[in-house]
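> Quick note: the sequence shown uses the UniProt record's numbering, first residue 1, plus one each step.
Even glycine gets a Cβ: it sits at the ideal position worked out from N, Cα and C.
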Amino acid sequence: MIKKFDKKDEESGSGSNPFQHLEKSAVLQEARLFNETPINPRRCLHILTKILYLLNQGEHFGTTEATEAFFAMTRLFQSNDQTLRRMCYLTIKEMANISEDVIIVTSSLTKDMTGKEDVYRGPAIRALCRITDGTMLQGIERYMKQAIVDKVPSVSSSALVSSLHMMKISYDVVKRWINEAQEAASSDNIMVQYHALGLLYHLRKNDRLAVSKMLNKFTKSGLKSQFAYCMLIRIASKLLKESEEGHESPLFDFIESCLRNKHEMVIYEAASAIIHLPNCTARELAPAVSVLQLFCSSPKPVLRYAAVRTLNKVAMKHPSAVTACNLDLENLITDSNRSIATLAITTLLKTGSESSVDRLMKQISSFVSEISDEFKVWHWRPLLFPAAGFSPVLGAFWVFFFTKLFLFGGFEYKRAIVDCIISIIEENPESKESGLAHLCEFIEDCEHTVLATKILHLLGKEGPRTPAPSKYIRFIFNRVVLENEAVRAAAVSALAKFGAQNENLLPSILVLLQRCMMDSDDEVRDRATFYLNVLQQRQLALNAAYIFNGLTVSVPGMEKALHQYTLEPSEKPFDMKTVPLATAPIFEQKAEIALVTSKPEKVAPSRQDIFQEQLAAIPEFKGLGPLFKSSEPVQLTEEETEYFVRCIKHVFPNHIVFQFDCTNTLNDQLLERVTVQMEPSDGYDVICCIPAPSLAYNQPGMCYTLVRIPQDDPTAGQKLWASPQKKKIPQIEGFGEGQGLGLLEDLEVTVSDHLLKVLKPNFAAAWEEVGDDFEKEETFALSSIKTLDEAVNNIIKFLGMQPCERSDKVPENKNSHTLYLAGVYRGGCDVLVRSRLALGDGVTMQVTVRSKDETSVDVILASVG
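#1: Please return the same chain residues whose Cβ sits closer than 7 Å to the Cβ of V843, not counting the five positions on each side in sequence.
#2: Short check: CB of G410 to CB of I421, under 9 Å?
#3: Tell whether a beta-carbon distance below 9 Å holds between Y825 and V833.
#4: Let me make sure I understand the geometry here. Which of I178, S154, T219 and S170 has the alpha-carbon closest to that of M191?
#5: Helix, strand or coil, according to DSSP, for S784 in the structure here?
#6: For G62, name the three-state secondary structure that DSSP assigns.
#7: In whole angstroms, what separates the C-alpha of F34 from that of M73?
#8: With distance defined between alpha-carbon atoms, name the residue in I340, R806, A306 and D772 nearest to F763.
#9: Which residue's Cα is closest to the Cα of M167: T641, D609, H202 and L495?
#10: Which residue from L695, K24, H650 and N654 puts its Cα closest to that of L671?
#11: Between which two residues does the alpha helix (DSSP H) holding L172 run?
#12: Using a threshold of 9 Å, state whether the C-beta atoms of L636 and E812 are closer than that.
#13: Does V511 pass the burial test, meaning 16 or more other C-beta atoms within 10 Å, or should it be called exposed?
#14: Report yes or no: do the region 527 to 538 and the region 549 to 568 share at least 3 C-beta pairs separated by less than 8 Å?
#15: Alpha helix (DSSP H) containing K454: first to last residue?
#16: Identify whether P287 lies in helix, strand or coil by the three-state DSSP scheme.
#17: Compute the distance between the beta-carbons of T219 and A236, then report whether it is under 9 Å.
#18: Quick one: what's got a C-beta closer than 8 Å to G771's C-beta in the same chain, skipping five residues either side?
#19: Please state whether DSSP places I39 in a helix, a strand or coil.
#20: Across which residues does DSSP place H655 in a beta bridge pair?
#21: Measure the beta-carbon distance from G683 to P653 and round it to whole angstroms, keeping in mind my assumption that it falls under 8 Å.
#22: Starting from the C-beta of K622, find all residues in its chain whose C-beta is less than 7 Å away, skip the five residues before and the five after it, and write them out in chain order.
#23: What is the DSSP secondary structure of H318, counted as helix, strand or coil?
#24: With the cut-off set at 9 Å, would you say A273 and L292 are in Cβ contact?
#25: Let me check one thing: in DSSP terms, what residues is D661 bridge-paired to?
#26: Kindly give me the distance between the Cβ atoms of A127 and K93, rounded to whole angstroms, as I take these residues to be in contact under 8 Å.
#27: Starting from the C-beta of V579, find all residues in its chain whose C-beta is less than 8 Å away, skip the five residues before and the five after it, and write them out in chain order.
#28: Measuring CB to CB, does I233 end up less than 9 Å from V266?
#29: Helix or strand or just coil, what does DSSP make of E601?
#30: Taking 9 Å as the threshold (C-beta atoms), are K629 and V749 in contact?
#31: Rounded to whole angstroms, how far is the Cβ of S470 from the Cβ of L505, which I believe are closer than 8 Å?
#32: Check the DSSP bridge columns for A822 and list the partner residues they point to.
#33: Under a Cβ-count criterion, where at least 16 other Cβ atoms within 10 Å of its own Cβ denotes burial, should P691 be classed as buried or exposed?
#34: Leaving aside the five residues before and after V492 along the sequence, list all residues of the same chain whose C-beta is less than 8 Å from its C-beta, in chain order.
#35: Confirm, please, whether the CB-CB distance from K350 to V322 is below 9 Å.
#36: For F227, count neighbouring Cβ atoms within 10 angstroms of its own Cβ and tell me buried if that reaches 16, exposed if not.
Next up, the structure:
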């Protein structure tokens, strides 16, 4: 009998979880009931449900416990109850990885798989494939082939999906079933056709030609499954992105033809694929936009949401292409679904005129409190970043955000918005003063320490450079008077930056810092004392080193180095140059900034920390000193070759370790003691090669080559590691085959390998701090470069240094520009570059390099020349 629960029962708690207080030991005790005769299907079903519940809740079952329960459960195969049998299949799948000897049920599952009861066959196939390993797969191969082409759709789908999972165990065996999969692809059942197409693609995805042939076949013959059509569109889109044919390809014609399919799912998939293709013009986007425009007036909310969300993405790059949809988007502003209405407004902000901004702001203000925090955060990104383009009406944006934004939402929401506004201030100089003023108002009532300290840091960085820096002092000092210890400490640091950069404010700042020296908190007093003493020296070099730019070392790295120093006492003082540097952050495009913040997680070790430990574990590399820099991987072979090799260059103070990641793509060869033979340029010495013990099929392995950097030729950093005659340099060799296995691409060490990016927030102060003892200057003509943007990008890429003061952004309609770069040369010396660029017939570049080490200056100028 099925008991019916009404609303009152639910509210009274009658419908609560009946398994909430289960204990594993009690359930395992109940499992003994499986051994009783006759079998009670109803009670056994209840016990199996409890076991599955505990497993899915993460309850740990010991191997012995799981094996005993599993063996008891196998007796249930004697029952003919259909529901109990199918529950047994589910339990087998869940316990397959924790029980021993699960293969004991293979014969029972095989019997069900080949039996006459269709309701058993599909689940039996899935359970059998879950417990089958590579050695047993050939034993059931005949049954699997028959199941793939079975006339019962549920059986065929189960076999196809299971085959897809079995590819991970034995690809070669599953590949022999390709003829059966092709037969299944012509099935009339939409799910069988979809699963067959999926299996065929995964069997061929590493062979571009085979995938192209498969696409050609199915696009011409047609499909009955809308799911299969969606998969074909995705495969075609992937191939289009990888090829150079672009929109002239038959694949693009196929995707465009799908816009006229009878299934809405296929139409939307095709429109989405076209929109996400690279280098699409507004004309090529027009058919997809037209389809989405029709969806905007659909009675189905899911179609309206999908359409307006996709149009929102189009408007980020091609606002003109979406302008035709403005009327339909206007109608969606009043949609009962607030998610759709918000998306419509944020899209109109990109495509509408400046005069419509105020009206749209008022419209969204009417229901902003009804939207969840997560949804609002996700949508403020497209709402905020158009503000950078609407400079004349920035005031409307700021008023909206600071009258509506912080009235609603919690900490995560406000933090995401503050991060986004800070990004706009950094990108748009016109918005700086307005944004800082509003942020000052916000911290007056900010209850979140993290946000207050972040805003204070921004005020200390940007405030001293504004036309009237004194107006921010009051807001900052109020934090010293009214806030907690962490905020007071951040305020002291911000005050020091104002005093260091503004001579006329220095006397007032010194007075305020003296007051802070009487604070009740140690951290605040220590900061105030430190900054007061530095500022009283009135030396620009001290200000630069201790207030503006600070330490550029990795804090975890310094912690490890200091700990190591205490473990191994030495008469020599601790050398900061032995500490790994903190590299400058790499910022992605601002429009793609992640606004949805997550809970703080444990700090993961950096890439350099991982390499440092990995290399230190090799005896030959123990005396090389601290790892200075690890390059990005350089591919030395084509992906289709027999051996795939890529190289990572690990630079130490006087050595370079070349790490070669090798993969053997031939399944009939096993390589042993694999090395890469290198023939370096003059001056470099190969000290040793450390082979990879073995290279099995499709299993990556690593070998190393250690090279000494020449000390008598400081400009050798950019020499090639291969001769122009294309000898076997470098060459991968595998012993056991007894011969050289193949040539690799030339590998070179460039000046960027000797330089590490560091960020200098105040470049002018850092320039004065380094001094002109080893300053050198040269002028070069870049005749092949026609624009300042191109020159700036090429210089940054070639030298591998960090642009400062946002000098990598070239203002429009300018014929001259100055690029500021900062870095650290191998060994730990700061290097600064000032490059003055002038546009004429080409680009003329005057390069001035400063460092406290003459070698690094010579290396940079020699590399540019």
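So, from the data block:
#1: L782, I785, L788, A791 and L837
#2: no
#3: no
#4: S154
#5: coil
#6: coil
#7: 6 Å
#8: R806
#9: H202
#10: L695
#11: First, the residue type needs correcting, since residue 172 is Asp and not Leu in the sequence shown. Looking at the DSSP string, the run of the alpha helix (DSSP H) that includes D172 is Y171 to K175.
#12: no
#13: exposed
#14: no
#15: T449 to E462
#16: helix
#17: yes
#18: A541, R850 and K852
#19: coil
#20: R708
#21: No, G683 and P653 are not in contact; Cβ-Cβ is about 16 Å, not under 8 Å.
#22: A616
#23: coil
#24: no
#25: R646 and M702
#26: 5 Å
#27: V553, S554, G557, M558, A561 and P626
#28: yes
#29: Note that E601 has pLDDT 44, beneath the 50 cutoff, so the model's placement of it is unreliable and the number below is only indicative. Coil, per DSSP.
#30: no
#31: 6 Å
#32: Q802 and L832
#33: buried
#34: V480, L513, C516, V524, R527, A528 and Y531
#35: yes
#36: buried
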